[in-house]
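Please read the structure below before turning to the comments.
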Amino acid sequence: MKIDSFCHLLPPRYADRFFAIDDSAPLKNLQERTRNIPALFDLDLRFRQMDEFGAYRQVINVAAPPLEDMGSSAFNAEMARLANDSLAELVADHPDRFVGFCAAVSLDDPQRAIEEAEYAFTELGAVGVQIYSHVHGKPLDLPEFDAFWETIARHDKLVQVHPNRTSAWPDYPTETRSRFEIWWALGWEYDLSAFCARIVFSGILERWPNLKFLIHHGGAMIPHFAGRIGPGWDQLGARTPQSQREDVELPHPLTRRPMDYFKMFYADTATFGAADPLWTSLRFFGVDRTLFASDSPYDPEKGPGFIRSTIAAIESFESLTGDEKESIYHRNATRLFGFDASTQSAS
């Protein structure tokens, strides 16, 4: 059995509403791109693609854009409710395809996000929640989001973290836009990594140690910069002048090394089939904190490509035991999402 723990979908009713948003709006480019990836909303096509992989099921979430970017707070809340109701229907109608869903919330209004998460967890059976790494450039370690984190911790649900950056974020301060899609290829990974750092240094994992963050794209930059994160951040403040000391003052005392908190995150295997970074991620986070995921259907084949190449990458690691592979493929997801293990037949 393989459980794909981070892949994207637009439920048909939600897709209809998304495509109906005024195409003169900033969403136009993403609407056009989404139409060109039919496996996002064509279930028959998606199921045919999934058939290639045998005993394979997905944890689904709503594809980009972030709900916060849709429109007004009220409209975003409506879209979140439509998304979650639709995702729950798909899981109920196709249990042989979709083992669960992660709820959509719009954090531009934290109280509405809390109410939607509560609804999705208690009424719809959502197994987690998907968030983006910031809200309109606002970091999620600010006090206004504390009640949201408390809610997620109280329900003991996993948090999928997706990057959020566009070409409007320039690569250099002298420019107005990012070029050559650097914002995507490199910027997204910095975005995720900065999210992790703010979560660590703000003390969120100290205050709510049972929070479980699944960091997309193999944990982004984190495993590849272990030296800077370890002995480098052990010297936090050594590089900061006295006039800027407020920039390194911790809002909540930390009782461990920074590295210890970074190792509390979970990572998926969505490295687009690249084996070397995936192996580094596995060594950093460990087998028990790594979940199989493909980022489907955003591959050149528009569906099965990254599923196939991710499986090939995992199978190329000769030092992994069969038991360890089973943990990555489905046991970790079963444990963290709270699935009934008796329904996850390994094959």
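Just so you know, the sequence shown maps onto residues 665 to 1011 in the working numbering.
Virtual Cβ for every residue (Gly too), placed ideally from N, Cα, C.
The structure displayed is predicted, hence computed values, not measured ones.
| message | With the cut-off set at 8 Å, would you say GLN824 and GLY789 are in Cβ contact? | response | Indexing the sequence shown from 1 puts residue 824 at position 160. Indexing the sequence shown from 1 puts residue 789 at position 125. Against a cut-off of 8 Å, the Cβ pair of GLY789 and GLN824 comes out as no contact.
| request: With VAL987 as the anchor, note down where its alpha helix (DSSP H) starts and where it stops. | output: Numbered from 1 along the sequence shown, position 323 holds the residue referred to as residue 987. Before going on, a small fix: residue 987 reads as Asp here, not Val. That run of the alpha helix (DSSP H) goes 986–990.
| field | Element boundaries [beta strand (DSSP E), containing PHE970] | value | Locating residue 970 in the sequence shown gives position 306, where the first residue counts as 1. Segment 969–979 is the alpha helix (DSSP H) holding PHE970; no beta strand (DSSP E) there.
| task | Give the single residue among ALA728, PRO887, LEU709, ARG953 whose Cα lies nearest to the Cα of CYS671. | result | Counted from its first residue, the sequence shown places residue 671 at position 7. It is ALA728 whose Cα lies nearest to the Cα of CYS671.
| task | Output yes if chain B places a C-beta closer than 8 Å to the C-beta of CYS860; else output no. | result | Annotation note: the requested chain B is absent from the structure, which comprises a single protein chain.
| request: Round the Cβ separation of ASN725 and ALA768 to the nearest angstrom and send it over; I've been treating them as touching at under 8 Å. | output: The residue given as residue 725 occupies position 61 in the sequence shown. The residue given as residue 768 occupies position 104 in the sequence shown. Sure, about 7 Å apart at Cβ, within 8 Å.
| What are the boundary residues of the alpha helix (DSSP H) that ILE778 is part of? | For the purposes of this step, residue 778 is taken as residue 114 along the sequence shown, with counting starting at 1. From DSSP, the alpha helix (DSSP H) with ILE778 extends over 774–783.
| With a Cβ-Cβ cutoff of 8 Å, do THR838 and ILE778 count as a contact? | For the purposes of this step, residue 838 is identified with residue 174 of the sequence shown, where counting begins at 1. For the purposes of this step, residue 778 is identified with residue 114 of the sequence shown, where counting begins at 1. Cβ atoms of THR838 and ILE778: not closer than 8 Å.
| query | Just the Cα atoms here: how many angstroms apart are SER1011 and PHE956? | reply | Counting from 1 along the sequence shown, the entry for residue 1011 is found at position 347. Counting from 1 along the sequence shown, the entry for residue 956 is found at position 292. Because the pLDDT at SER1011 is just 43, under 50, the model does not fix this residue reliably, and the value given afterwards should be weighed accordingly. Their Cα atoms are separated by approximately 15 Å.
| field | Cβ neighbour criterion (16 or more within 10 Å) applied to GLU780 | value | Here residue 780 corresponds to residue number 116 of the sequence shown, with the count starting at 1. Buried, since its Cβ has 16 or more Cβ neighbours within 10 Å.
| said: Do THR933 and ASN996 count as a contact pair if the criterion is CB distance below 8 Å? | reply: Residue mapping note: residue 996 aligns to position 332 of the sequence shown, counting from 1. Residue mapping note: residue 933 aligns to position 269 of the sequence shown, counting from 1. Taking a C-beta distance under 8 Å as the contact criterion, ASN996 and THR933 do not qualify as a contact pair.
| For PHE949 and ARG892, the rounded distance between their alpha carbons | Your numbering for residue 892 matches position 228 in the sequence shown. Your numbering for residue 949 matches position 285 in the sequence shown. Distance between the alpha carbons of ARG892 and PHE949 is about 16 Å.
| Is there contact here, the stretch 922–941 with the stretch 873–887, by at least three beta-carbon pairs under 8 Å? | Contact between the stretch 922–941 and the stretch 873–887 is present, with at least three C-beta pairs closer than 8 Å.
| query | Would you call GLY901 buried or exposed, if buried means 16 or more other Cβ atoms sit within 10 Å of its Cβ? | reply | As a position in the sequence shown, residue 901 is number 237, starting the count at 1. Around the beta carbon of GLY901, fewer than 16 other beta carbons lie within 10 angstroms, which makes this residue exposed.
| Going straight from the alpha carbon of GLU965 to that of GLU845, what length do you get? | Mapped onto the sequence shown, residue 965 falls at position 301. Mapped onto the sequence shown, residue 845 falls at position 181. Going from the Cα of GLU965 to the Cα of GLU845 covers about 20 Å.
| Among GLU732, TRP848, LYS821, LEU806, nearest to HIS800 - alpha-carbon criterion | The residue you call residue 800 lines up with position 136 of the sequence shown. For the options GLU732, TRP848, LYS821, LEU806, the alpha carbon positioned closest to that of HIS800 is the one of GLU732.
| Once you ignore the five residues that flank PHE877 on each side, which residues in its own chain have a CB closer than 6 Å to its CB? | As a working note, residue 877 is residue 213 in the sequence shown. Non-local C-beta neighbours of PHE877 in its own chain, meaning closer than 6 Å and more than five positions away in sequence, comprise VAL823, VAL825, PHE929, ordered along the chain.
| query | Any idea if THR818 is buried or exposed, counting beta-carbon neighbours within 10 angstroms, 16 or more meaning buried? | reply | Counting from one through the sequence shown, the residue named residue 818 turns up at place 154. Note that residue 818 is Arg in the sequence shown here, rather than Thr. Under this definition ARG818 is an exposed residue.
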